[in-house]
Every structure is written in C-alpha cells, then in structure tokens.
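I have placed the structure first, in the form of structure tokens, so that the comments after it can refer back to it.
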Amino acid sequence: AQKVTQAQTEISVVEKEDVTLDCVYETRDTTYYLFWYKQPPSGELVFLIRRNSFDEQNEISGRYSWNFQKSTSSFNFTITASQVVDSAVYFCALSEITTSGTYKYIFGTGTRLKVLA
Amino acid sequence: GEEVAQTPKHLVRGEGQKAKLYCAPIKGHSYVFWYQQVLKNEFKFLISFQNENVFDETGMPKERFSAKCLPNSPCSLEIQATKLEDSAVYFCASSQAGTGKNIQYFGAGTRLSVL
Numbered sequence: 097a098q099k100v101t102q103a104q105t106e107i108s109v110v111e112k113e114d115v116t117l118d119c120v121y122e123t124r125d126t127t128y129y130l131f132w133y134k135q136p137p138s139g140e141l142v143f144l145i146r147r148n149s150f151d152e153q154n155e156i157s158g159r160y161s162w163n164f165q166k167s168t169s170s171f172n173f174t175i176t177a178s179q180v181v182d183s184a185v186y187f188c189a190l191s192e193i194t195t196s197g198t199y200k201y202i203f204g205t206g207t208r209l210k211v212l213a
Numbered sequence: 061g062e063e064v065a066q067t068p069k070h071l072v073r074g075e076g077q078k079a080k081l082y083c084a085p086i087k088g089h090s091y092v093f094w095y096q097q098v099l100k101n102e103f104k105f106l107i108s109f110q111n112e113n114v115f116d117e118t119g120m121p122k123e124r125f126s127a128k129c130l131p132n133s134p135c136s137l138e139i140q141a142t143k144l145e146d147s148a149v150y151f152c153a154s155s156q157a158g159t160g161k162n163i164q165y166f167g168a169g170t171r172l173s174v175l
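Going down the list, the protein sequences come from chains A and B.
My numbering applies: residue 97 is where the first sequence begins, and numbers increase by one.
My numbering applies: residue 61 is where the second sequence begins, and numbers increase by one.
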C-alpha cells in the first residue's frame with residue numbers, strides 16, 4: 097500500500113539553526129511524484145516543491161533544500177538558518193495513481209516546526 | 061481567479077443539521093479535489109472531479125456526503141445530517157490536469173464544527 101511517514105511530530109529549534117524534516121514513503125509504482133507543503137498558523141496549504149522519481153538531483157531554493165534518495169525511499173527537507181516565519185506544519189505527500197487512472201495525494205501526518213527567537 | 065477560493069471559512073452546525081461548503085478552483089484548472097483534515101493532521105481524500113464529472117469518489121462516505129461541480133458555479137460539498145465526527149477542516153484543491161505529476165493548489169479550508 098502507498099504510505100507516507102513523517103516520524104517527527106514536532107521539532108523546536110532556535111532561530112538560525114538548521115533543521116531537517118524527514119519523509120519516508122512506500123509505493124508500488126516505478127514512476128511517482130513527491131511533494132512538500134507548508135501549513136502556517138493561518139491554515140492554508142502552500143505548495144513548496146514537486147519531485148519525480150526519476151530525477152535524484154537534490155534541489156535548493158534559497159534557504160530550503162531537498163534530498164531525494166530512492167535507495168532509502170526518503171525525501172527529506174532541510175531549512176538552513178531557520179527563521180521565526182518558518183514556524184508551521186510541514187506535510188510530505190505522495191501522488192497515488194489508481195488502477196482506474198485517477199490520482200490523489202497520500203499525505204504524511206506532518207511535522208510541526210517551532211522556530212524560537 | 062488565481063487562487064482556490066473556499067467559503068465559508070468557518071461553519072458551525074448542530075448535530076443533524078446540513079452543512080454546505082463551496083470551492084471555486086483556479087481559473088483554467090479542470091480538476092477539483094476535496095480532502096478532510098481531522099485531528100492529528102490526518103488528511104483523508106474524499107472525492108475529485110474533472111470539470112463537472114466525478115473523477116474519483118472512492119473516499120466519500122456516501123450515506124451523508126455528496127458533492128457537485130456544475131458549469132459556471134463553485135463546486136460544493138454537502139453533508140446531510142452532520143455528526144460530531146464530521147468536525148474537521150475541509151480543503152479543496154485544484155490542478156490543471158489529472159495526471160499524478162500535477163500540482164494541487166489548495167484553498168484556505170473551511171473549518172466545520174459540529175456541536
């Protein structure tokens with residue numbers, strides 16, 4: 097069965113520290129897509145990144161970077177020099193393609209990040 | 061519009077009352093998805109549409125939940141005879157196409173409280 101595990105329920109760091117949020121997935125598909133979303137205290141879900149299964153290059157966007165490792169089925173997210181505004185719940189998601197050709201997201205249970213000033 | 065618009069932001073219903081939630085997808089997006097976020101941040105997929113056609117309804121509790129996407133109207137999710145366990149945040153998302161690589165853009169959610 098398709099599954100996404102975010103084992104870290106909550107992480108607290110002090111501003112300017114680096115922090116890594118873990119995401120481990122299970123899928124039967126050979127081609128698949130992974131996503132990260134941010135849910136700030138205001139509640140909306142903000143798209144951060146999409147990664148496909150055949151591109152294992154790491155990605156960097158400003159202070160954010162993502163490490164995709166197919167061998168360990170992981171797609172981890174690192175925030176460098178964290179800021180208070182990074183405080184949010186972060187969700188990892190896997191796109192599940194059904195036998196009828198439709199698709200939907202399977203979400204992890206999220207990691208709450210608290211960045212203290 | 062350029063973002064997914066969900067209304068209302070908050071909805072309070074007594075047990076047994078009806079609740080109706082609305083979602084306007086991003087202009088040009090053909091696919092709409094509904095998810096329920098319950099305690100402990102669990103997301104449950106409910107239903108998806110391709111334009112006005114049901115794309116996948118495998119997550120819908122069919123007895124009390126129904127949904128529609130009609131042309132030139134916001135999509136809607138309706139819960140007849142709400143129960144306490146329906147209390148959750150309901151998110152709507154839209155995407156341009158229906159393949160697994162497509163990014164889903166989410167609205168701000170509707171928080172439903174059933175008392």
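We put the CB at the ideal spot given by N, CA and C, even for glycine.
If Val100(A) sits next to Cys188(A), beta carbons under 8 Å apart, how far is it from one beta carbon to the other, in whole angstroms?
With a Cβ gap of about 5 Å, Val100(A) and Cys188(A) count as contacting.
Which residues bound the beta strand (DSSP E) around Ile139(B)?
Here the beta strand (DSSP E) through Ile139(B) covers Cys135 to Ile139.
Would you kindly work out how many angstroms separate the C-alpha atoms of Tyr201(A) and Arg159(A), rounded to a whole number?
Their backbone Cα atoms lie some 26 Å apart in a straight line.
Using a Cβ-Cβ distance under 7 Å, would Gly139(A) count as near chain B?
Yes, its Cβ sits closer than 7 Å to a Cβ of chain B.
Per DSSP, which one or two residues make a beta bridge with Ile107(B)?
Beta-bridge pairing links Ile107(B) to Trp94(B).
Am I right that Leu106(B) and Gln96(B) are in contact with their C-beta atoms under 8 Å? What's the rounded C-beta distance?
Contact flag correct, Cβ pair sits at about 6 Å.
Can you list, in chain order, the residues of its chain with a C-beta nearer than 6 Å to that of Ser126(B)? Leave out the 5 residues immediately preceding and following it.
Contacts found: Glu138.
Closest by CA to Leu130(B), which one among Glu63(B), Val92(B) and Leu172(B)?
Closest option to Leu130(B), Cα to Cα, is Val92(B).
Nearest by alpha-carbon distance to Ser173(B): which of Glu123(B), Thr159(B), Ser133(B) and Asp146(B) is it?
Measuring from the Cα of Ser173(B), the nearest candidate turns out to be Asp146(B).
Where do the ends of the beta strand (DSSP E) carrying Ala97(A) lie?
Counting along the chain, Ala97(A) falls outside any beta strand (DSSP E), and DSSP gives it neither H nor E.
Within 10 angstroms of the Cβ of Gly197(A), are there 16 or more other Cβ atoms? Answer buried if so, exposed if not.
Classification of Gly197(A): exposed, given that the 10 Å Cβ count is below 16.
For Met120(B), which residues of its own chain have a beta-carbon under 6 Å away from its beta-carbon, when the five flanking residues on both sides are left out?
Around Met120(B): Leu106 and Ile107.
Using the Cβ count rule (16 or more neighbours within 10 Å means buried), how would you classify Ala153(B)?
Buried.
Against Val72(B), what residues of chain A qualify as contacts under a CB-to-CB distance less than 8 Å, listed in chain order?
Residues of chain A whose Cβ lies closer than 8 Å to the Cβ of Val72(B) do not exist; the shortest such Cβ separation is about 16 Å.
Terminal residues of the beta strand (DSSP E) in which Glu122(A) lies
Going by DSSP, Glu122(A) is part of the beta strand (DSSP E) stretching over Val120 to Glu122.
Who does Asn113(B) pair with in a DSSP beta bridge?
In the DSSP output, where bridge partners are listed per residue, Asn113(B) has Gln110(B).
What residue range is occupied by the uninterrupted beta strand (DSSP E) comprising Glu192(A)?
Where Glu192(A) is concerned, the enclosing beta strand (DSSP E) stretches over Ala184 to Ile193.
Can the beta-carbon of Gln135(A) be found less than 7 Å from the beta-carbon of Ala103(A)?
Between Gln135(A) and Ala103(A), the gap from beta carbon to beta carbon reaches 7 Å or more.
Asn113(B) to Cys135(B) span [Cα, whole Å]
Computed Cα separation, rounded: 11 Å.
What does the alpha-carbon distance come out to for the pair His70(B) and Leu99(B)?
Roughly 16 Å between the two C-alpha positions.
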